[in-house]
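>
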Amino acid sequence: MRRCFLNWSSGRMEAENPSPGLRNFIRNVARWRPQPGLLAITLMLALASLMTAGYLSTQAEVTLVLNGLVWHLRTHQASVEAFLNEAGIEVYPEDIVSPGLAAPIQPGSTITVQQARPVTIEADGRVISLRTHAASVAEILHEAAIAVKPHDRVVVNGQETKLEAGLPGPATSNSSGGLRASSLRACPEPFLRQDKLRRRGRSLSAEIVPLHIVLRRAVPIHVNDDGVPTTIYTTRPTVGEALQAEDITLYLGDRVEPSLGSPVSTGMRVYIQRSVPVAIAVD
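Residues are numbered in the numbering used here as their position in the sequence shown, beginning at 1, plus a constant of 90.
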């Protein structure tokens, strides 16, 4: 904009010429036109922001209870099955899903998944694999139609275990990158570990650790202890360990047939010849 001033000599108002810098600035402003590429990028960014906001605003909030752990998630999926597939949760026929896989998802829905525990059993020369919701070792063996006798031993994941012993509960570990989980019940021992449950690049702890059960059958062996016969049942691999487990004390001079390191077999006979203490009198 030009400024005007009074010319005292002529008595007229005259316009002041702007400086060269100001003239250039005014000329550049008048000539500026938006670049086509820049305008297109700006419009694309604005459109993407609107689409993202719309996408997020239309997601349904869903509560997922997985093996007793609670997760609060968002999804656009229309059914329970599609939601679980999106989350990376593989559902087996033995798993319990509520509501059913075909059920529609509504905002505020709660989906409960109780996965069956994978179990491998070694017993009587067989290997049996199954998935179960049993709460104890005894229930698992009953489902597998395996009878356990009084002297048999059960080893679970490398540890000797009683039949009535409960199974480990759920863990509360979380590597979800911001998602939080809370446990519905006390957790005496973790049985969950890192799994492929995915949610927008994040993962939750969800896989049930399989159980490996080994049933060691007790076999009878007949022991003749210096003329006194008895039958014992053992799961020990050698004669010496079998006698030790039955609290049969051996002394240095005693003789055992077969030897203490011999492997145990069903119905084998073990003979113990006791040494006799001798008193030696010296004149």
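Even glycine gets a Cβ: it sits at the ideal position worked out from N, Cα and C.
Runs of 4 residues minimum, wholly inside the segment 136-208: which ones carry the alpha helix (DSSP H) assignment?
170-177
> Which stretch, first to last residue, makes up the alpha helix (DSSP H) that contains Val227?
Val227 to Glu233
> Identify every residue that forms a DSSP beta bridge with Arg307.
DSSP lists no bridge partner for Arg307.
> Considering just the uninterrupted stretch of the beta strand (DSSP E) at Val360, what are its terminal residues?
Arg359 to Gln363 is the span of the beta strand (DSSP E), which, as asked, contains Val360.
> What separation, rounded to the nearest whole angstrom, lies between the Cα atoms of Leu174 and Pro327?
The alpha-carbon separation between Leu174 and Pro327 amounts to approximately 48 Å.
> Alpha carbon to alpha carbon, how far is Asn247 from Pro367?
47 Å
> DSSP three-state call for Leu350: helix, strand or coil?
coil
> For Leu191, which residues in the same chain have their Cβ closer than 6 Å to its Cβ, ignoring the five residues on either side in sequence?
Within its own chain, the residues whose Cβ lies closer than 6 Å to the Cβ of Leu191, once the five positions on either side in sequence are excluded, are Val170 and Glu171, listed in chain order.
> If you measure between the beta carbons of Val152 and Leu159, is that distance less than 8 Å?
Their beta carbons are not under 8 Å apart, which means Val152 does not touch Leu159 by this criterion.
> DSSP three-state label for Val238, please.
coil
> From Glu336, Gly330, Thr356 and Ala335, pick the residue whose C-alpha is nearest to that of Asp344; which is it?
Gly330
> Once the 5 residues before and after Ser242 are set aside, which same chain residues still bring their CB inside 8 Å of it?
Note that residue 242 corresponds to Asp in the displayed sequence, not to Ser. These residues qualify, in order along the chain: Leu305, Arg306, Arg307, Ala308 and Thr325.
> Using alpha carbons as the reference points, say which of Glu184, Thr222, Pro208 and Thr356 lies closest to Ala332.
For Ala332, the closest alpha carbon among the candidates Glu184, Thr222, Pro208 and Thr356 is that of Thr356.
> For Arg359, is the classification buried or exposed, using 16 other Cβ atoms within 10 angstroms of its Cβ as the cut-off for buried?
exposed
> May I ask you to list the residues that DSSP assigns as paired with Ser219?
Thr210
> For the candidate residues Gln196, Glu254 and Ala225, whose alpha-carbon lies nearest to that of Gln204?
Measuring from the Cα of Gln204, the nearest candidate turns out to be Ala225.
> Measure the C-alpha to C-alpha separation of Pro278 and Gly351 and round it to an integer number of angstroms.
Legend: pLDDT at Pro278 = 31, less than 50; position of this residue unreliable, value from coordinates given subsequently. Taking the straight line from one Cα to the other gives about 40 Å.
> Out of curiosity, what's the CA-to-CA distance linking Ala168 and Thr210?
36 Å
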